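Colleague: To start, I am sharing the structure in question, which I have written as structure tokens.
In the working numbering, the protein residues as written are 80 to 273.
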């Protein structure tokens, strides 16, 4: 399996899928698997999928970058949120590569507790649990100076159960993750080689 995962990652680096900004996505990002010919050996990531980023997320990220006087560290929060979201969607593209399928659904056993169902799993949440140790969710605050343009406060939930207790993700951790791309890549790859 490591050979094929490395093949997939090399293909992603060489020809990343087209990225579109789109309003109305159900989350921050979404992957679309497309058909390709020739089996796993002939896989080319670019034409085999598309990536959609919620335009509001990107607009708010740019606003935070341009207005640091009121946004504070929000730009880093947005980069973290977008990075986790894109990586989550890359896992869905990886699932399509490994299964050889363009179907929307992930195999039901590739999931995290309380995600997916008997027909489909949730590979992105499964990966997030491996890499981050749980589920990251962002919660808005009435006191944020950016109002509706805020990133929110990230919390890590060790399980996906409704009664799970969330712990605030530290800005130091986020800064380290954003500043050290090689560390982030190592963590990303390690999650797949477990």
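Note that the Cβ used here is the ideal one computed from N, Cα and C, for glycine as well. Just so it is clear, the structure is predicted and the values come from calculations on it, not from any experiment.
Would you decide whether residue 130 is buried or exposed? Buried here means 16 or more other CB atoms lie within 10 Å of its CB.
Modeller: Its Cβ being crowded by 16 or more others within 10 Å, residue 130 is buried.
Colleague: On the DSSP letters alone, give me the boundaries of the beta strand (DSSP E) that residue 214 sits inside.
Modeller: 214 to 218 is the extent of the beta strand (DSSP E) around residue 214.
Colleague: To the nearest angstrom, how far is it from the Cα of residue 256 to the Cα of residue 155?
Modeller: About 10 Å.
Colleague: In the DSSP assignment, find the unbroken alpha helix (DSSP H) run with residue 178 in it and report its ends.
Modeller: Here the alpha helix (DSSP H) through residue 178 covers 153 to 178.
Colleague: What's the C-alpha gap between residue 205 and residue 216?
Modeller: Distance between the alpha carbons of residue 205 and residue 216 is about 14 Å.
Colleague: Could you tell me whether the Cβ atoms of residue 34 and residue 107 are closer together than 7 Å?
Modeller: Look at the range of the chain in this structure, 80 to 273, and you will see that residue 34 is not part of it.
Colleague: If you run the structure through DSSP and keep just helix, strand and coil, what is residue 208?
Modeller: Helix.
Colleague: Among residues of its own chain, excluding the 5 on either side of residue 147, which ones have a beta-carbon nearer than 8 Å to its beta-carbon?
Modeller: So the qualifying residues of the chain are 154.
Colleague: Can you tell me whether DSSP reads residue 248 as helix, strand or coil?
Modeller: It is coil, neither helix nor strand.
Colleague: Would you grab the beta carbon distance between residue 224 and residue 149 for me? Rounded to a whole angstrom, and I think it's under 8 Å.
Modeller: Indeed, because the Cβ distance is near 5 Å, the residues count as touching under 8 Å.
Colleague: Taking residue 248 as the reference, which of 236, 226 and 229 has the closest Cα?
Modeller: Per the Cα distances, 236.
Colleague: Considering only residues of the same chain and omitting the five flanking positions on each side of residue 172, which have a CB-CB separation below 6 Å?
Modeller: Counting only Cβ-Cβ distances below 6 Å, and skipping sequence neighbours, we find 110 and 128.
Colleague: According to DSSP, is residue 128 part of a helix, a strand, or is it coil?
Modeller: DSSP places residue 128 in strand when its eight states are reduced to three.
Colleague: With a 10 Å radius around its C-beta and 16 neighbouring C-beta atoms as the bar for buried, classify residue 99 as buried or exposed.
Modeller: Classification of residue 99: exposed, given that the 10 Å Cβ count is below 16.
Colleague: Provide the residue span of the beta strand (DSSP E) that contains residue 108, from first to last.
Modeller: Taken as a continuous stretch (DSSP letters only), the beta strand (DSSP E) holding residue 108 covers 108 to 112.
Colleague: Considering only the alpha carbon of each residue, which of 240, 93, 96 and 135 lies closest to residue 103?
Modeller: Comparing Cα positions, the closest option is 135.
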